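Protein chains in written order, with the working numbering: chain A, 1 to 423; chain B, 1001 to 1423; chain C, 2001 to 2367; chain D, 3001 to 3367.
Below: the structure, in structure tokens.
See the structure below:
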């Protein structure tokens, strides 16, 4: 398309959507009811196929819709938490029956979702999972334990990977399911972290039931399908963070939306601290009277330099990608590894700045306890979402082309050494 | 023995040796002639067997001899360079013929020795050596290249490991030889390091000849015998460094001895710089006016703390060993790894102290060029005598009991992947 | 600095085994967790058994003052095992800080308090106006000419368990520093603390009646700081060794990708580095204790021991969390309790950076 | 600091390929070694071809002064490739230091010199009394009221090859800093230099006749320093990338213990860390060049770029030596030539620690 075409298309979308919003949008409507209308009209997820609540819009066209929503303060489809992961995976791999049953209530926010992938016995080695899905006629009986399940305590459904065949090689015996979380065989327990927050859950499945039609893809296709979920997760969920601002507006629908966001975002409250808060270093050093200490200044400068370097590396890579250059290092592993280094350097600097005040936590502490929360949260950043060690493997193998680690997990899964567990 | 016995024995030795020295020792004797006398009388290496120039003395008895030599300023047997390595190995594993031919001229200093172990293709993996020793009647024909051979350029003989059987597993096909360095098939080339010194050599062997009677031990025993040499090398050669002080005295024999020491020690001139010279940090910081810079002080303190910690760790381990405690971490790997960390930290501190003067080298530079030599020598300490990586393997496997690296070098040596080389 | 190394005697090694056995039996991690859950009340039985069976609280107190008559080396042994087992009693505040202050003050007046503390009958706390730098002592607490203590001790370890109170404050008429004993317990405000086994309080003193035990000079204050830092260095070493041992144990059994993760070279090498750092810290801590026990100047030795121990222990703690993956970040796993204790050990009585500055200042002053 | 990233244009990428190809063809390592062996004489053919074919020496000089009319971004490209190929010509001293000083001075008088330098006909050197800190400029060199330059420039890069001389000195009657052009070549004393591809000289000026091109102020001096540091940051990035690439190549072929050593996890991870550090340095260097090219204040950007580039490159150099084992420590292996160049890049115009101090000072001054 030429630029002229682009702008004609933009005007057309704005005209159609504008007229529709004039007719339908009101801050006084109940949130759920509004979203039913939105989904029915195909404006909830315009990038989705026409057959499934969407309009087959291009990325650029979808941006026009988001922009107009933002301008008019319109609340969009439910997109918080693992909902989007489930939606994208179902769209890509789900049967019509699955799409039929789950996509609409997912968009309206009627159903909340969670992700059941990691297990206590398989962290870095996700494909080593041992949760069992045993066929019993037209259903599967699920036994096993999952962990690090954000929002599982209020989820209606979960996307689940479990092992259906123990004789095949590890990646081939896995299947992908939608599981009903509101059944007796599923128990959700909160999992508290060292920083005191309980952002995750453990999920125990004991003879839990999944019906055959809730399997996504064929048996044994689970690992391949999970890659869709994981790559979407790595890309940052596609969540429209700009929409969070709506939560502060007044009006019935905003209040309901704010509550939805509050619940969904609760587990992520400490995430900024996990990254080390380089933004606070100078102001805290000033406030604590340490800004003129040359040793403190060195540590602050190190942190700020690393943080700015990582920010620029990302934005320049993005610009190169946009310009079609081939000089782009694939994957986010370098950024992820840098984030760990930055956060640790911030920890060092914050400790030095706070002095003996870093002994305190909570309301009694410096900066409303943020420094203590930083010190206790930073250790997570080099673990969650793939440890530093895994990132270094990826960088050295996929980017630098060094040989892979020798493998000890080929052949039938049954014969591979693994951690003792329930399954 | 009781303490009383000890002291009676000490008096007896001192009496016998004292009388002998009164008769024989003179600073005006030629060095070689004096040593012939010394060896003949069994005072050159009293710890050695009576059959081989010694007196079967215990460690304590030997110390009495050294002490008296020191008191009287007596020059002892030749012990510089790789001589001691050859001597200890021959004593432990050599045939009578070998001992007969080599031990005496080794003690008198008539013969100089070198060690031919490392190869360009096998550094960390010494047992992967590919120098060939092919039998030809009663002799072996040697082809291959050795490297890092200190003093090879003036050595008369070398202790050599070479492969005699390519079908056995790698450690089993190696044999140990004494090679005559003064033959046409042996070419010695100096090897210059990045710091400008040429302390080592490369040795090229092309159809060099070793006679059967110069094999040490049986064919295929080379690896086991080399362990004797290596463990003696790790223990620090057993060289009497206190004797170096004699080199500064006046008198004919001291002048000859000084020349012997000068030649032997030439390759080691830069070794103190390799260790980073923590002893110079404070004085250089004062001299350069940087002593009051808080950032410089941090780096100096780090270096001094590490150096003092390593010194104390060694001396405390020695004290525990003496006291018979089982709480002793085996091997010198921790100290070796610490030495690398200390030297690197010193590099950082020296650079910071010198500022733009660290751009200079040689006589024009700060501290007579020592800082430049430190910066250019420190990289060696984490490589020579076993890389940091090898030390960390040893510590984690032998001290911490973690599993060994998976092995890819079992089976016939012929089938193991190796570096391309001459052999 | 000594030329030759030293090794513990058979008696000292036996004492260490007893201390270690005591904590393993009387204060296992389950019990530590239980006490934390209860808000860390003093387990007086264990505290008194520690005094009765091991004489730990008075290990460095002369026998005439109710102690065992040993010194800094044996105190170091106790602290090292305390760090290893994460004992949560108020040992640092009572047996180290308060007791050392009393020993420094000397005299008959101090002796009564020493007897009470050594026997385990009383638990001491020391009010000071800084935990950072001995040079700042006396800038916040003062005693009027009528014997009234005024001012704030912003961070006081062990206050919640104390029933014998001392303070270092400035004697107002004379302007000299003194060690004072309080006649009544002050009001303590417990503070949210990073270290769950060693919580802090804020103590505001508004005219509390007290008596002066002794005047103390700047050199004595520095000496106290050195002693406390050396004790902490031992605790940090013990904590680091416990974490490393636990990490190794985990690496030997945890399987990923069909192999024990302890076979991955990057993980092995990280453990080797931690061990090396801890070994240097241990050597420095022991030498510093010996220096103090010999009555020699210990400024440099203490600074080196504390900075190396804190850095090594923080590395051990970070590795312990990282190498356990997500597990190490959970509340249920004990690793974070050590992480917190190590962080408090790191920052009490001067950060590693501060110690390094003191080291060079000391070397320059004595050059 | 920009909100969105930038990418090189197709023309800029093409220019980089040309520069890289030029050095690969005209200044391969064999030639670099040869020149070092000869005491590093100027290879005037290559120098002039560099000007003629690529316009490198005047890449950031306006067209009216004989240059190509580009800016700091393109200069950065040249420097990056120069670091990658270890070009040993006097580019930093002539095209960066001297040329930037002339550009800063401006005016007709400077233009003649700019034309001569851009064309490659002349090689410039700049006499300054410090390589550490712009605030120290003018403390050692001064010009008398009769136009005579006095004093010592203790460390002068590129002096041995120069035939056009400038100096920053203090104008004695007025006490103001100025940029001066010398009428005659001064006497140079070559110094033993760590960096074999960029040797230094000492220049003593005893009444050398010179003319003032312009007065310059402190802000201009700082700006020059920023530009030089940003150029060096690019060179350091190029050098680091060359070393990392060579190391990876070696790790892929070198066999020990029956396996390619690049399969050992500890070695792989070290390379990954170096790549990450270099990627951050590259991003900072490019952003800093863009900031300078846009005429924006670059104090912070330059400090970040230089400190990160120097640290990353030193890590790359240490890894390059270490991972080659003994080979990397030999004179015959080229690694040490990069090590030396990186060390000089690290220390010229302010060490990384100094850069960090400047960064915070700048942020505080503009907060």
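We put the CB at the ideal spot given by N, CA and C, even for glycine.
Small disclaimer: the values here were computed from a predicted structure and weren't measured.
Starting from the C-beta of residue i, find all residues in its chain whose C-beta is less than 6 angstroms away, skip the five residues before and the five after it, and write them out in chain order.
| i | result |
| --- | --- |
| residue 352/A | 296 and 299 |
| residue 396/A | 402 |
Is residue i near the ligand MN, with its Cβ less than 6 angstroms from a heavy atom?
| i | result |
| --- | --- |
| residue 248/A | The model on display carries no ligand, and the ligand MN is accordingly not part of it. |
Taking the C-alpha atoms as reference points, what is the distance between residue i and residue j?
| i | j | result |
| --- | --- | --- |
| residue 2078/C | residue 2245/C | 19 angstroms |
| residue 325/A | residue 405/A | 31 angstroms |
| residue 1259/B | residue 1245/B | 13 angstroms |
| residue 2350/C | residue 3134/D | 36 angstroms |
| residue 3193/D | residue 3334/D | 17 angstroms |
| residue 1387/B | residue 2365/C | 39 angstroms |
| residue 2275/C | residue 3263/D | 25 angstroms |
| residue 1417/B | residue 2037/C | 59 angstroms |
| residue 3216/D | residue 3176/D | 8 angstroms |
| residue 3060/D | residue 3099/D | 9 angstroms |
| residue 3110/D | residue 3210/D | 13 angstroms |
| residue 3003/D | residue 322/A | Confidence at residue 3003/D is low in this model, with a pLDDT of 47, below 50, so its placement is unreliable and the value that follows should be read with caution. About 15 angstroms. |
| residue 233/A | residue 104/A | 21 angstroms |
| residue 3116/D | residue 3096/D | 14 angstroms |
| residue 1413/B | residue 1169/B | 5 angstroms |
| residue 185/A | residue 161/A | 16 angstroms |
| residue 371/A | residue 346/A | 10 angstroms |
Please list the partners that residue i has in chain B, where partner means a Cβ-to-Cβ separation under 7 angstroms.
| i | result |
| --- | --- |
| residue 3321/D | 1379 |
Could you tell me the boundaries of the beta strand (DSSP E) in which residue i lies?
| i | result |
| --- | --- |
| residue 2180/C | 2177 to 2182 |
| residue 132/A | 132 to 136 |
| residue 146/A | 139 to 147 |
Chain D partners of residue i, CB-CB under 8 angstroms?
| i | result |
| --- | --- |
| residue 1408/B | 3257, 3258 and 3259 |
Which residues in chain C have a C-beta closer than 7 angstroms to the C-beta of residue i? List them in chain order.
| i | result |
| --- | --- |
| residue 391/A | Within chain C, no residue comes near residue 391/A; the closest Cβ sits about 11 angstroms away, beyond 7 angstroms. |
| residue 3264/D | 2265 |
| residue 372/A | 2194 |
In the DSSP assignment, find the alpha helix (DSSP H) that holds residue i and state where it starts and stops.
| i | result |
| --- | --- |
| residue 3076/D | 3072 to 3085 |
| residue 2045/C | 2044 to 2054 |
Tell me which residues share the same chain as residue i and place their Cβ nearer than 7 angstroms to its Cβ, disregarding the 5 neighbours each side in the sequence.
| i | result |
| --- | --- |
| residue 2285/C | 2076, 2230, 2233, 2234, 2237, 2305 and 2309 |
| residue 1069/B | 1076 |
Leaving aside the five residues before and after residue i along the sequence, list all residues of the same chain whose C-beta is less than 8 angstroms from its C-beta, in chain order.
| i | result |
| --- | --- |
| residue 1065/B | 1013, 1017, 1043, 1046 and 1057 |
For residue i, go through chain C and note every residue whose CB falls closer than 9 angstroms to its CB, in chain order.
| i | result |
| --- | --- |
| residue 1395/B | 2268, 2269, 2271, 2272, 2273, 2275 and 2276 |
Name the chain D residues whose beta carbon is nearer than 9 angstroms to that of residue i?
| i | result |
| --- | --- |
| residue 253/A | Here the premise fails: no neighbours, minimum Cβ distance about 32 angstroms. |
Using a C-beta to C-beta distance shorter than 9 angstroms, which residues of chain B count as neighbours of residue i?
| i | result |
| --- | --- |
| residue 2307/C | 1301, 1302 and 1305 |
Which residues in chain B sit within 8 angstroms of residue i, going by Cβ to Cβ distance?
| i | result |
| --- | --- |
| residue 3353/D | 1295 and 1352 |
Where the segment 1268 to 1299 of chain B meets chain C: residues whose CB sits under 7 angstroms from a CB there
Cβ contacts with chain C come from 1282, 1291, 1294, 1297 and 1298.
Give the residues from the segment 3281 to 3295 of chain D that approach chain A closer than 8 angstroms (Cβ to any Cβ), ordered along the chain.
Residues 3281, 3282, 3283, 3284, 3286 and 3287.
Select from the segment 2216 to 2227 of chain C all residues with a C-beta closer than 9 angstroms to any C-beta belonging to chain A, and list them in chain order.
For the segment 2216 to 2227 of chain C, the set of residues with a beta-carbon nearer than 9 angstroms to any beta-carbon of chain A is empty.
Chain C contacts from the segment 155 to 168 of chain A (Cβ-Cβ distance under 9 angstroms):
Of all residues in the segment 155 to 168 of chain A, none has a Cβ within less than 9 angstroms of some Cβ in chain C.
Interface residues of the segment 313 to 347 of chain A facing chain C [CB-CB below 7 angstroms]:
Under the 7 angstroms Cβ criterion, the segment 313 to 347 of chain A contributes no residue.
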